[in-house]
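Residue numbers (the numbering used here): 4 to 262.
So this is what it looks like as C-alpha cells:
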C-alpha cells in the first residue's frame, strides 16, 4: 500500500510542480519572436510530462486498490467491493459517460451544429494547434482541435486534470453503490450531490473561452464571470463529498456484515 500511496502522492505533486514550472513562461514579455519556437516546444513537452504524471498517478491507484484488498479497514472494503465484474463494468461506463458530460459542461468538447468553423473562422478541417501563452497558472498551454465543421476540442490543463479526477470519483461511487445497493441508501444522496456539483468544478472561463474561440459570443463571457464567483464553492463541496462517500458506503457495508 505504501508503494501505491507514494506513486499517487508523487504523481499529484509532480502535476502541481509542472503547472508552476510552465507558469514561469507566461509573461507576455517572454514571448519574443526569437523565443516563440522554444516556448512552443516547451508547451508540447508540458503535455508529454503531464500525461506521464497522470499515468504515474493511475498506476499508483491501481497498486493501492490491489494491495488494499489484502489489508483491513474501509479501504479494503472499498477495494474488494469494486473488483467484481459487474462493478467494473459500471465503473468504466460511468467514467466514460460522465467524462463526456463533463467535457460538454466545461467547454472541453464543443458541438455547434449551427456554426461552420471553416466558414466562420477560416479554420482548416481537421486541424489542431497549441496556444502556448499567455494565461493564469493551469490554463496554459491550451490545445485547440477542429475535428469537424461543427465539433471542436479545447483542452485546458487544469480542466483535463479535474475532469479525470472528478469522473474517476463519480465512477467509483457508482461502482461501490452497485456492489452494495442496500448499504448505500443512506449515503446515495451525498454521491448524487457530489456528481452534480462536480460538473461545475471546471474553470470559470470555460464558457467564455469556448465562445470566444469557436463562437465569438459575448454572452458566454458574462456567464463565465458569474460562474467564477461560485467555482471555489463547487470545488469545496464536490471533491470532498466524492471522496467521503465511498468511505461512508464502506462503513455501512461493514456494519451490515453478519457477525
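Glycine included, every Cβ here is placed at the ideal spot set by N, Cα and C.
Which two residues bound the contiguous alpha helix (DSSP H) that contains residue 159? Stepping through the chain shown from its first residue, residue 159 is reached at position 156. Run containing residue 159: none; DSSP gives neither H nor E here.
Just verifying my parser: in three-state terms, what is the DSSP assignment at residue 109? Residue numbering aside, residue 109 sits at position 106 when the chain shown is read from its first letter. In this structure, residue 109 counts as helix in the three-state DSSP scheme.
Rounding to the nearest angstrom, what Cα-Cα distance links residue 128 and residue 157 in this structure? Taking the first residue of the chain shown as 1, we reach residue 128 at position 125. Taking the first residue of the chain shown as 1, we reach residue 157 at position 154. Cα to Cα, the separation comes out at about 15 Å.
Check whether the Cβ atoms of residue 180 and residue 246 sit closer than 8 Å, and answer yes or no. Counting from one through the chain shown, the residue named residue 180 turns up at place 177. Counting from one through the chain shown, the residue named residue 246 turns up at place 243. Against a cut-off of 8 Å, the Cβ pair of residue 246 and residue 180 comes out as no contact.
Nearest residue (CA-CA) to residue 105, options 14, 172, 12: Taking the chain shown and counting its residues from 1, one reaches residue 105 at position 102. When each option's Cα is compared against that of residue 105, the closest is 172.
To the nearest angstrom, report how far apart residue 15 and residue 53 are at their CA atoms. Taking the first residue of the chain shown as 1, we reach residue 15 at position 12. Taking the first residue of the chain shown as 1, we reach residue 53 at position 50. Rounded to whole angstroms, residue 15 to residue 53 spans 10 Å at the Cα level.
According to DSSP, is residue 133 helix, strand or coil? Working through the chain shown from its first residue, we reach residue 133 at position 130. Strand.
At what residues does the alpha helix (DSSP H) containing residue 39 begin and finish? Taking the first residue of the chain shown as 1, we reach residue 39 at position 36. First-last of the alpha helix (DSSP H) with residue 39: 39-71.
Which same chain residues, not among the five before or five after residue 164, have their C-beta less than 7 Å away from its C-beta? Position 161 of the chain shown, counting from 1, holds the residue named residue 164. The residues are 18.
What residue range is occupied by the uninterrupted alpha helix (DSSP H) comprising residue 149? Start at 1 with the first residue of the chain shown, and residue 149 comes out as number 146. Not the alpha helix (DSSP H): residue 149 falls in the beta strand (DSSP E), residues 145-149.
With H, G and I counted as helix, E and B as strand and the rest as coil, what does DSSP make of residue 114? As a first step, residue 114 must be located in the chain shown, where it is residue number 111. It is a strand residue.
Taking only the alpha-carbon atoms, compute the straight-line gap between residue 155 and residue 76 and give it to the nearest angstrom. Translated into the one-based positions of the chain shown, residue 155 becomes position 152. Translated into the one-based positions of the chain shown, residue 76 becomes position 73. Their backbone Cα atoms lie some 45 Å apart in a straight line.
Less than 6 Å between C-beta atoms, sequence neighbours within five positions excluded: which residues of the same chain meet that for residue 121? The sequence position of residue 121 within the chain shown is 118, counting from 1. If we look at residue 121 and ignore the five residues flanking it on each side, its Cβ neighbours are 128, 152.
Proximity winner among 169, 135, 160, relative to residue 40 (alpha-carbon distances): As a first step, residue 40 must be located in the chain shown, where it is residue number 37. Among 169, 135, 160, the Cα nearest to that of residue 40 belongs to 135.
Contact check, residue 178 vs residue 93, beta carbons under 8 Å: Working through the chain shown from its first residue, we reach residue 178 at position 175. Working through the chain shown from its first residue, we reach residue 93 at position 90. Yes, they are a contact pair.
From which residue to which residue does the alpha helix (DSSP H) around residue 35 run? For the purposes of this step, residue 35 is taken as the residue at position 32 of the chain shown. It is not in any alpha helix (DSSP H) - residue 35 carries neither H nor E in the DSSP assignment.
I'd like to know if the segment 44-53 and the segment 80-90 are in contact, where contact means that at least 3 CB-CB pairs between them fall below 8 Å. no
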